[in-house]
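Student: Taking my numbering, I'd label the letters of the sequence shown as residues 981 to 1221. One structure, pasted below without further comment.
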Amino acid sequence: MMINRIKSVYLIAGSPRNRKKSAPLFQAVFRASGTVSPSVAYVGAASDDDADFFSFIAEELKAAGAGRIDHALIAPEKSDLEGARNMLKSADIVFISGGDVERGMQVLTEKNMAAYLRQLYEAGKPFFGVSAGSIMLGREWVRWRDPDDDASAEIFMCLGIAPVICDTHAEEDDWQELKALLALEKDDVKGYGIPSGAAIKVFPDGKVEALGGPVSQFIRHGRVVAKGPDLLPTGMRGLRA
């Protein structure tokens, strides 16, 4: 893998209550691509490729400056997977949309698309995600075999394109799922809580930068998951004690 070919990955929280907050973050992704009105391949596995959801998100992406947006259908039973691969390969940027993290990874794995997405990234294809799509681009996530039993929590693998663990727009729940995941990890593993309207930019070397607002950081120490200092966007550093 040649680091200089690999692009930074943008993990955007999204803002369910005010979607306009995501527009500047989408614009940052498009500027970083180096292409005016970049074409986007949309991966909607986490929503079972819901057509209405695609139309809604496509409008947002176009309003922020995207060019052509192709829906790379993967979830439907009779999907043209070769056609989807061609869309993904030819697009300037690949977008992983939101929905359910576990369902999204199940679809990508069963259709043998997870490995293909990783190959595209390693070949230099830029990626960004929103909400569950951002979590899927990270290393791992958590699920419960029995929703009524906290002790049934277990880790499952995600795409690992961004070498981080994160959760999105869960600030009102105090990042409970992220904390549950970190409690299952080894010591010193860090997780990022990306609040509504914010994002993180993950560089090829693993460096992480906050965009759009402060990002919560949590780290496991022994049996405790502790909150660290917020990760601040460049323009906000030095403004907090």
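Ideal Cβ placement from N, Cα and C applies to all residues, glycine included. Computed from a predicted model, the values in this text were never measured in an experiment.
DSSP state of Gly1171, grouped into three classes?
Tutor: strand
Student: So what's Gly1218 in DSSP terms, helix, strand or just coil?
Tutor: Unreliable placement is indicated for Gly1218, whose pLDDT of 47 sits below 50; the coordinate value is still reported in the next sentence. Residue state, collapsed to three classes: coil.
Student: Would you say Phe1010 and Ala1044 are within 8 angstroms of each other, going by their C-beta atoms?
Tutor: yes
Student: Report the partner residues of Arg1203 according to the DSSP bridge assignment.
Tutor: Arg1203 pairs with nothing; no bridge assigned.
Student: Check whether the stretch 1152-1166 touches the stretch 1194-1201, taking contact to mean three or more Cβ pairs, one atom from each stretch, closer than 8 angstroms.
Tutor: Contact holds: three or more Cβ-Cβ distances are below 8 angstroms.
Student: With DSSP as the reference, label Phe1136 as helix, strand or coil.
Tutor: strand
Student: Of all the options Met1116, Phe1006 and Gly1109, which has the alpha carbon lying nearest to the alpha carbon of Arg1083?
Tutor: The residue with the shortest Cα to Cα distance from Arg1083 is Met1116.
Student: Restricting to Cα atoms, I'd like to know which of Val1081, Ser988, Phe1036 and Val1020 is closest to Lys1000.
Tutor: Phe1036
Student: Of all the options Ala1133, Ala1025, Ala1179 and Leu1097, which has the alpha carbon lying nearest to the alpha carbon of Asp1147?
Tutor: Of the candidates Ala1133, Ala1025, Ala1179 and Leu1097, the one whose C-alpha sits nearest the C-alpha of Asp1147 is Ala1179.
Student: Report the option in Gly1193, Lys1170 and Tyr1096 whose CA atom is closest to the CA atom of Lys1187.
Tutor: That would be Lys1170, whose Cα lies nearest to the Cα of Lys1187.
Student: Decide yes or no for the touch test of the stretch 1015-1034 against the stretch 1043-1059: beta carbon pairs closer than 8 angstroms, at least 3 of them.
Tutor: Here the stretch 1015-1034 lies against the stretch 1043-1059, with 3 or more beta-carbon pairs under 8 angstroms apart.
Student: Measuring CB atoms only, is the stretch 1073-1088 touching the stretch 1110-1128, in the sense that at least three cross pairs come out at less than 8 angstroms?
Tutor: Because the criterion of three Cβ pairs below 8 angstroms is met, the stretch 1073-1088 and the stretch 1110-1128 touch.
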